[in-house]
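Going by this note's numbering, the sequence shown opens with residue 70, and the numbers climb by one from there.
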Amino acid sequence: MGILAPIVFALLFSTSVASELYSIPFQTNSGDTTSLAAYKGQVVMVVNTASECGHTPQYANLEKLYEQYKSRGFVVLAFPSNDFGAQEPGSDAQIQQFCATNFGVTFPLMKKIPVLGEHKHPLYKHLVQQSEAQAEVEWNFTKFLIDRNGKVAARIHYRTLPDAPEVVAQIESLLEAKPSE
70 MGILAPIVFA LLFSTSVASE LYSIPFQTNS GDTTSLAAYK GQVVMVVNTA
120 SECGHTPQYA NLEKLYEQYK SRGFVVLAFP SNDFGAQEPG SDAQIQQFCA
170 TNFGVTFPLM KKIPVLGEHK HPLYKHLVQQ SEAQAEVEWN FTKFLIDRNG
220 KVAARIHYRT LPDAPEVVAQ IESLLEAKPS E
């Protein structure tokens, strides 16, 4: 059992981390409470967004990626935030309208949340803690990839386009992996 103990612990810890991530509630743009459990078994890209940022055109790239891979179990979840330069001043309804009108966004938009500081949303606390760097989110359009088992698989810099070849390769690799039981 001595050799197996670390492996068993790692498996239990991994399952515990995924369970914790799946249990964190958040609200959709329309006000419904949900969690990542609704997306269990899918590859999820979580992105903090803003409508008045130099990186706002990434909405188009995110939509393209979502349309390309949603049939294979991929979803983009956008979490608007006003934490960086007050670049997301609008209401949730205004954000929804802006994204639909300007970028044809069909992927799920969530209610605006803080991703920094003492009021940071628990989802972002968990994402930061479970990412390799464990550093605070630096700017709008920082992306986290979550694998089919609910583990943070990658953190992607805000300047990196969502459909950059290296990101697409990561997504395809995660989509190929089957969820564990």
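Glycine included, C-beta positions come from ideal geometry on N, C-alpha and C. Just so it is clear, the structure is predicted and the values come from calculations on it, not from any experiment.
Cα-Cα separation, residue i to residue j
i: L105; j: H226; result: 22 angstroms
i: D161; j: E207; result: 22 angstroms
i: Q199; j: E132; result: 26 angstroms
i: E245; j: H190; result: 30 angstroms
i: A214; j: I93; result: A small fix is needed here, since residue 214 is Leu in this sequence, not Ala. So the alpha carbons of these two residues sit roughly 16 angstroms apart.
i: G219; j: G142; result: 13 angstroms
i: K181; j: V113; result: 18 angstroms
i: L134; j: P231; result: 7 angstroms
i: D216; j: T229; result: 19 angstroms
i: S88; j: H188; result: 22 angstroms
i: Q163; j: N151; result: 13 angstroms
i: Q165; j: Q203; result: 30 angstroms
i: A222; j: C168; result: 27 angstroms
i: T170; j: Q127; result: 15 angstroms
i: A233; j: S140; result: 20 angstroms
i: Y193; j: E136; result: 25 angstroms
i: T102; j: Y108; result: 13 angstroms
i: R251; j: P183; result: This structure cannot speak to residue 251, because the chain is shown only from 70 to 250.
Supposed close pair residue i, residue j - CB separation, criterion 8 angstroms
i: V115; j: L243; result: 13 angstroms between Cβ atoms; not a contact.
i: F172; j: A129; result: 5 angstroms
i: E201; j: L185; result: With a Cβ gap of about 19 angstroms, E201 and L185 do not count as contacting.
i: P248; j: G110; result: 5 angstroms
i: I240; j: Y91; result: Actually they do not touch by this definition, with Cβ atoms about 20 angstroms apart.
CB contact flag (residue i, residue j, <9 angstroms)
i: F210; j: T118; result: yes
i: V237; j: K212; result: no
Chain C within 9 angstroms of residue i, Cβ atoms only
i: I240; result: The question asks about chain C, but that chain is absent: this structure has only one protein chain.
Meets three-Cβ-pair contact criterion under 8 angstroms: the segment 151-160 and the segment 120-135:
yes
Taking three-plus beta-carbon pairs below 8 angstroms as touching, is the segment 136-150 in contact with the segment 167-184?
yes
Threshold first: 3 residues or longer. Then list the beta strand (DSSP E) segments lying entirely within the segment 202-236, N to C.
212-215, 221-225
Report the start-end ranges of each alpha helix (DSSP H) in the segment 138-173 that is 4 residues or longer and not cut off at the edges.
161-172
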